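Residue numbers (UniProt numbering): 1 to 566.
The structure under discussion appears below in the form of structure tokens.
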Amino acid sequence: MIHCYLFEAKSIQDYLFSSGKMKDVISASERLDNLIDSTQTSVLYEVLNRTGLSHDLLDANMQDTAGCIHFIRCKGGAFYAYCDDKNKLLALRSSWSLALLQLFPSLVQCDALVSADVLDDALQRGHQQLAQARNTPAITLPMATAISKRSSRNGKQAVTVSNREAGNAAEPLDIDTQLHRAYHKASTRKGAMALQDKFTPDHIDAGLTYESSFDSFEKRDLALIHIDGNGLGLLLIALKKQLEGKSNQQYRRAFRQFSAALEAATQAAAKEATAKVLPIVNVDERTPTALRPIVLGGDDVTLFIKAEAALDFANTFCVAFARESKTALSSLVSEYPGLPEQLSASGGIVYHKVNHPFVQMHHLVEDMCLYAKALTKSVTSTENAVGPAVVAQIRVGNASQQTGDGLLKQNQHCDLSGWESEFPNGLNLGQNRYFVEDDKVFSQTKTQHYAPLQHLLMLSQGTRPAVSMAKWRQMATHLMANDVTEARSLYNRSLALYENKKGDRRVFEAALDALCPPGYERKEWVYSKVTSDVKSAHSFTVINDLLLLEHFHIKGQQLEDIKEQA
């Protein structure tokens with residue numbers, strides 16, 4: 001009989017951003033990064049040792065032995081373990097639950113303890129119990145009753161503050177925020193560098209100092225990036241099929257090997273992306289790097305970064321992740337043929353002011369990540385294919401509770417009253433999501449095709465573009481004011497002036513054509529779907545995408561060029 005214990009921490013992003021204070025987000029991210037890992041510094045390792053349990057947390061190749069707890073997964077806020085002695089797992093469950101109650105009282109979690117004749121069946125039953133546990137309301141302590149004083153930031157019950165914050169009166173704080181603040185003030189922050197080291201390039205021996213506060217960015221723009229892997233579920237399903245009938249030890253080793261490969265690919269991609277943007281985010285060695293890692297676990301990455309460097313970081317990460325995942329998974333693929341050879345990653349970027357509530361920005365960047373992943377899934381030709389990397393981005397001028405779809409419609413959709421014959425469903429001023437690279441490996445035959453980002457850059461780069469950014473901006477203003485005629489007039493005058501100065505209009509036209517999706521036709525700067533069905537009519541431009549690039553990405557590139565020349 002095999003007994004399995006499965007644990008998962010849920011809603012980690014909500015937990016990190018719950019107080020809305022940057023110092024709390026940083027402390028919570030560093031503390032959680034040290035929670036579950038196959039290292040001697042993790043909380044899981046300490047709990048196992050203090051409970052006196054035999055385990056293979058540090059050695060994935062250990063032989064199966066009686067009474068030993070063997071781990072199938074132990075990264076990314078979750079661990080799955082099995083043992084032939086149920087009492088050992090009950091002891092682990094009790095000790096682990098107590099440790100979490102003391103260290104992370106309000107962290108949403110679920111677990112399951114199941115038994116079966118074979119490991120595969122036990123895991124399947126465990127996952128079913130986890131799914132049920134996610135929908136079961138959990139009581140956390142201390143319980144906030146109706147007459148309790150509450151934290152003004154998140155509504156949780158406030159508890160007595162042992163060490164007062166700066167000032168005469170103490171801010172009512174919940175227990176988790178107090179633990180984060182105590183950790184933040186500690187002279188030695190155990191494991192604090194672990195998360196940062198995952199981003200620091202290997203060639204930097206002395207390490208980097210990352211921003212711990214964004215007070216210096218007052219009235220400046222920040223970017224919040226959230227990137228998630230594609231094809232992970234497909235690979236796990238394929239691997240599970242390959243392991244049918246295999247021994248428990250083979251099953252465990254294969255999944256531990258996959259987990260380690262995924263972590264290695266994500267860290268390598270994060271380091272390469274950090275190295276790419278260092279000329280922009282690292283003003284000098286004495287100044288903290290304008291980048292703050294928040295999450296790096298499994299195929300999931302979240303970070304704050306200087307706005308000018310956000311697109312370069314996201315693009316570099318996605319390209320590097322696909323390449324590194326192919327390298328890291330090569331031995332597993334050779335041992336179990338039929339697995340996807342590589343993974344990809346898609347993500348979202350939200351540009352916002354430093355004083356915007358981080359909780360709102362977090363929900364918005366998750367919406368943009370889902371928006372990007374929806375395009376990834378739509379262009380795969382088969383159900384088992386891994387789609388291409390996509391990056392979606394949006395700029396937020398004011399703090400808002402709206403979803404990503406709501407903001408895109410509010411800020412970029414023009415109804416164009418009086419122009420229904422030409423634009424039955426209005427006009428979108430941007431697409432907001434683009435493929436990271438023009439990879440022929442990925443099929444793009446299923447639905448609407450969005451051109452690679454490089455095609456958009458062709459319109460915005462150059463010392464004297466055919467249509468200047470100032471003209472694009474004026475055109476956007478006229479379109480939002482329902483004045484299509486003046487927008488067209490500005491466009492045609494710009495092209496005429498460009499030709500008078502002996503500019504090559506054909507290069508500009510070719511760049512516009514490259515952005516035209518299949519099934520669409522281009523008329524000047526507008527792309528319209530070829531259809532006789534009014535309900536499915538769709539028209540868009542790339543004006544807002546160009547303006548976003550010009551405001552952030554191009555400025556960042558110019559700054560990098562200046563530093564290289566210096």
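Backbone N, C-alpha and C define an ideal beta-carbon position, used for all residues, glycine too.
Since the structure is predicted, the reported quantities are computational estimates derived from the model, not experimental observations.
Please report the distance separating the alpha-carbon of residue i from that of residue j.
{"i": "alanine 320", "j": "glycine 347", "result": "14 Å"}
{"i": "lysine 353", "j": "histidine 70", "result": "47 Å"}
{"i": "valine 484", "j": "histidine 551", "result": "24 Å"}
{"i": "glutamine 558", "j": "aspartate 312", "result": "Because glutamine 558 carries a pLDDT of 47, less than 50, the predicted location of this residue cannot be relied on, and the following value inherits that uncertainty. Whole-angstrom Cα-Cα distance: 13 Å."}
{"i": "lysine 198", "j": "threonine 41", "result": "15 Å"}
{"i": "glycine 76", "j": "aspartate 111", "result": "15 Å"}
{"i": "glutamate 486", "j": "serine 468", "result": "16 Å"}
{"i": "valine 390", "j": "glycine 231", "result": "13 Å"}
{"i": "leucine 6", "j": "methionine 62", "result": "20 Å"}
{"i": "leucine 479", "j": "proline 518", "result": "25 Å"}
{"i": "glutamine 431", "j": "valine 542", "result": "6 Å"}
{"i": "tryptophan 525", "j": "leucine 512", "result": "7 Å"}
{"i": "leucine 173", "j": "methionine 143", "result": "14 Å"}
{"i": "glycine 406", "j": "alanine 481", "result": "20 Å"}
{"i": "isoleucine 227", "j": "isoleucine 349", "result": "9 Å"}
{"i": "phenylalanine 435", "j": "tryptophan 96", "result": "43 Å"}
{"i": "serine 259", "j": "arginine 73", "result": "7 Å"}
{"i": "valine 159", "j": "histidine 356", "result": "27 Å"}
{"i": "threonine 200", "j": "proline 279", "result": "14 Å"}
{"i": "alanine 328", "j": "glutamate 263", "result": "9 Å"}
{"i": "glycine 20", "j": "serine 334", "result": "46 Å"}
{"i": "serine 38", "j": "leucine 58", "result": "5 Å"}
{"i": "glutamine 178", "j": "proline 452", "result": "46 Å"}
{"i": "leucine 303", "j": "serine 18", "result": "16 Å"}
{"i": "aspartate 64", "j": "isoleucine 305", "result": "45 Å"}
{"i": "asparagine 49", "j": "serine 94", "result": "14 Å"}
{"i": "valine 379", "j": "arginine 433", "result": "13 Å"}
{"i": "glutamine 124", "j": "leucine 113", "result": "12 Å"}
{"i": "serine 115", "j": "cysteine 4", "result": "6 Å"}
With a threshold of 16 other CB atoms inside 10 Å of the CB of residue i, please say whether the residue is buried or exposed.
{"i": "lysine 471", "result": "buried"}
{"i": "glutamate 499", "result": "exposed"}
{"i": "residue 569", "result": "As displayed, the chain neither begins before 1 nor continues past 566, which places residue 569 out of reach and without an answer."}
{"i": "glutamine 401", "result": "exposed"}
{"i": "glutamate 211", "result": "buried"}
{"i": "lysine 241", "result": "exposed"}
{"i": "isoleucine 147", "result": "exposed"}
{"i": "leucine 547", "result": "buried"}
{"i": "leucine 236", "result": "exposed"}
{"i": "asparagine 398", "result": "exposed"}
{"i": "arginine 292", "result": "buried"}
{"i": "glycine 155", "result": "exposed"}
{"i": "histidine 553", "result": "buried"}
{"i": "alanine 182", "result": "exposed"}
{"i": "glutamine 109", "result": "buried"}
{"i": "proline 337", "result": "exposed"}
Kindly list the residues whose CB is nearer than 6 Å to the CB of residue i, restricted to its own chain and excluding five residues on each side of it in sequence; keep chain order.
{"i": "threonine 145", "result": "none"}
{"i": "lysine 23", "result": "His184"}
{"i": "tyrosine 351", "result": "Asp221, Ala223, Ala307 and Arg395"}
{"i": "serine 106", "result": "Thr140 and Asp176"}
{"i": "asparagine 544", "result": "Gln412, Leu429 and Gly430"}
{"i": "alanine 91", "result": "Thr51"}
{"i": "glycine 229", "result": "Asp299, Leu343 and Ala345"}
{"i": "glutamine 249", "result": "Asp64"}
Go through its chain and collect everything with a Cβ distance to residue i's Cβ below 8 Å, but skip five positions before and after it.
{"i": "glycine 67", "result": "Ser54, Cys83, Asp84, Asp85 and Lys88"}
{"i": "valine 43", "result": "Asn34, Leu35, Ile36, Ala99 and Leu103"}
{"i": "alanine 566", "result": "The predicted model places alanine 566 with a pLDDT of 34, which falls under 50 and marks its position as unreliable; any figure quoted below should be read in that light. So no residue of the chain qualifies."}
{"i": "arginine 253", "result": "Ala60 and Asn61"}
{"i": "aspartate 117", "result": "Met1 and Ile2"}
{"i": "alanine 133", "result": "Cys110, Asp111 and Ala112"}
Going along the chain, which residues of its own chain have a beta-carbon closer than 7 Å to the beta-carbon of residue i, five neighbours each way excluded?
{"i": "histidine 455", "result": "Ala511, Ala514 and Leu515"}
{"i": "lysine 377", "result": "Gly387"}
{"i": "valine 530", "result": "Gly519, Tyr520 and Glu521"}
For residue i and chain D, any beta-carbon pair shorter than 7 Å?
{"i": "threonine 140", "result": "Within the model displayed, chain D is absent; a lone protein chain is all it includes."}
Taking 6 Å as the cut-off, does the CB of residue i come closer than this to any heavy atom belonging to the ligand COA?
{"i": "aspartate 367", "result": "The ligand COA is not part of this structure, which contains no ligands at all."}
Segment contact, 8 Å Cβ cut-off, at least three pairs: the region 318 to 337 with the region 356 to 364: no
For the region 86 to 93 and the region 269 to 279, state whether three or more C-beta atom pairs, one from each stretch, are separated by less than 8 Å. no
The region 410 to 417 contacting the region 333 to 349, beta-carbon criterion three pairs below 8 Å: no
Would the region 7 to 26 count as touching the region 49 to 67 if we require 3 or more Cβ pairs under 8 Å? no
Contained beta strand (DSSP E) runs [length at least 3] in the UniProt domain "Cas10/Cmr2 second palm" (222 to 374), N- to C-terminal order: 291 to 297, 300 to 306 and 344 to 353
For the 8 Å Cβ check, are there 3 or more pairs between the region 531 to 538 and the region 423 to 440? yes
Can you give, in chain order, each stretch of the alpha helix (DSSP H) that sits fully within the region 43 to 112 and has at least 4 residues? 43 to 51 and 86 to 103
Could I get the ranges of all uninterrupted beta strand (DSSP E) runs contained in the region 489 to 543, with 3 residues as the minimum, in chain order? 520 to 523 and 526 to 529
Please list the segments of the beta strand (DSSP E) lying wholly inside the region 394 to 440, counting only runs of 3 or more residues, in order along the chain. 433 to 435
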